[in-house]
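Each residue of the sequence shown is one higher than the one before, starting from 1 at the first, in the UniProt record's numbering. Using N, Cα and C, we set each Cβ at its ideal position, and we do this for glycine too. Each remark here refers to the structure printed beneath this line.
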Amino acid sequence: MSIMEEVKAKVQAGKTKLVPGLVQEALDGGNKAEDILQVMVDAMGVVGDKFSAGEIFVPEMLIAAKAMAKGVEVLKPHMANDSASSLGTCIMGTVAGDLHDIGKNLVIMMIESAGFKMVDLGVDVPAQKFVDAIKENENVKLVAFSGLLTTTMPALKEAVQAVKASGLTGFKTIIGGAPVTQEYADEIGADGYAPDAGSAAMKAKELVASL
Ligand code: B12
Numbered sequence: 001m002s003i004m005e006e007v008k009a010k011v012q013a014g015k016t017k018l019v020p021g022l023v024q025e026a027l028d029g030g031n032k033a034e035d036i037l038q039v040m041v042d043a044m045g046v047v048g049d050k051f052s053a054g055e056i057f058v059p060e061m062l063i064a065a066k067a068m069a070k071g072v073e074v075l076k077p078h079m080a081n082d083s084a085s086s087l088g089t090c091i092m093g094t095v096a097g098d099l100h101d102i103g104k105n106l107v108i109m110m111i112e113s114a115g116f117k118m119v120d121l122g123v124d125v126p127a128q129k130f131v132d133a134i135k136e137n138e139n140v141k142l143v144a145f146s147g148l149l150t151t152t153m154p155a156l157k158e159a160v161q162a163v164k165a166s167g168l169t170g171f172k173t174i175i176g177g178a179p180v181t182q183e184y185a186d187e188i189g190a191d192g193y194a195p196d197a198g199s200a201a202m203k204a205k206e207l208v209a210s211l
């Protein structure tokens with residue numbers, strides 16, 4: 001089994017203690033951080049499919065997520081970083097009712113690398129907390145919302161609309177997460193959408209440039 005296949009297999013199996021060492025070994029072997037990340041994202045896709053098929057349950061999903069998070073910690077210093085300039089503050093959180101944070105954390109990492117100061121509100125964030133964070137932080141240029149469940153899509157809508165209705169200005173909004181589409185972003189009045197962490201960083205810069 002190649003080292004990349006091994007990273008994928010051990011993330012899937014939730015081997016929290018083994019994954020960091022394997023990720024380091026993959027890096028040492030000359031694999032790009034972005035490629036190793038993709039392998040781990042693919043592993044989570046397999047985990048999701050197995051969950052859908054009833055082959056594994058929530059605890060297995062959770063330990064796979066923990067294993068991936070440990071791997072990401074090793075990758076973090078190796079991800080592209082052009083944060084010389086400051087593009088302003090970005091507030092980000094996973095919306096109310098939703099506990100998924102791997103995608104959010106990756107998006108935070110990439111938007112931070114693009115030159116933003118990040119404020120992470122965590123998971124299960126009520127709409128009002130996004131509004132409060134815009135008031136409490138300086139130079140907020142972007143507010144980013146993550147939602148992974150079809151059942152929390154209405155919470156995405158509520159949160160985006162709460163910041164829009166707050167009367168606060170000077171920032172753009174961006175949404176994302178597996179069930180989210182550009183059409184949904186348009187429908188709920190979010191300024192932007194991106195399908196993954198890499199394109200989220202590009203979209204973030206583009207949105208803020210148009211302010
Ligand atoms: C790990 C996981 C969990 C873990 C989460 C741990 C954690 N710390 O995050 C735990 C075990 C807690 C969990 C719980 C549940 N989960 Co879950 N989970 C997953 C799983 C396997 C992986 C998610 C993940 O991390 N993917 C990897 C990351 C990198 O991808 P991502 O999150 O999509 O993020 C990328 C993009 O979407 C995008 N993005 C994300 N956010 C944002 C934001 C912005 C602004 C932008 C621009 C882009 C962006 O960029 C990211 C990076 O590229 C998925 C399956 C899947 N294929 O997604 C199911 C999945 C999301 N879960 C699911 C379900 C049903 C649940 C539960 C309801 C199960 C239950 N019966 O209890 C609970 C809900 C708990 C809750 N209230 O939130 C379903 C959702 C189905 C649906 N359509 O709604 C899925 C799809 C599994 C399935 N196939 O059925 N889960």
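Take the Cβ of residue i as the centre, count every other Cβ of all protein chains shown within 10 Å, and call the residue buried at 16 or more, exposed below.
i, result
"residue 216", "Shown here, the chain extends from 1 to 211; a query on residue 216 therefore has no answer."
"Leu135", "Reading off the sequence, residue 135 comes out as Lys, not Leu. When all chains shown are included, Lys135 counts as exposed."
"Ala144", "buried"
"Gly167", "exposed"
"Gly189", "exposed"
"Phe57", "exposed"
"Gly71", "buried"
"Ala127", "buried"
"Gly14", "buried"
"Met1", "exposed"
"Thr152", "buried"
"Asp101", "buried"
"Glu183", "exposed"
"Asp186", "exposed"
Report yes if the CB atom of residue i is closer than 8 angstroms to the CB atom of residue j, and no otherwise.
i, j, result
"Met109", "Met68", "no"
"Ala33", "Gln12", "no"
"Lys104", "Ser146", "yes"
"Thr94", "Val119", "no"
"Lys10", "Leu18", "yes"
"Glu73", "Pro20", "yes"
"Leu22", "Glu5", "no"
"Phe130", "Leu142", "no"
"Ala64", "Val47", "yes"
For the ligand B12, any of its heavy atoms closer than 7 angstroms to the Cβ of residue i?
i, result
"Val143", "no"
"Ala197", "yes"
"Lys15", "no"
"Ser146", "yes"
"Lys104", "yes"
"Val125", "no"
"Leu62", "yes"
"Leu75", "no"
"Phe51", "yes"
"residue 259", "No answer is possible for residue 259: it lies beyond the span of the chain, which begins at 1 and ends at 211."
"Gly189", "no"
Pull the bridge partners of residue i from the DSSP assignment, please.
i, result
"Leu142", "Cys90, Lys172"
"Asp120", "Met92"
"Gly192", "Ile174"
Please classify residue i: does DSSP put it in a helix, a strand, or coil?
i, result
"Met202", "helix"
"Asp42", "helix"
"Val125", "strand"
"Gly167", "coil"
"Val180", "coil"
"His100", "coil"
"Leu211", "coil"
"Ile56", "coil"
Comparing the C-beta of residue i with each C-beta of chain B, is any distance below 8 angstroms?
i, result
"Glu183", "In the displayed structure, chain B is absent; only one protein chain is listed."
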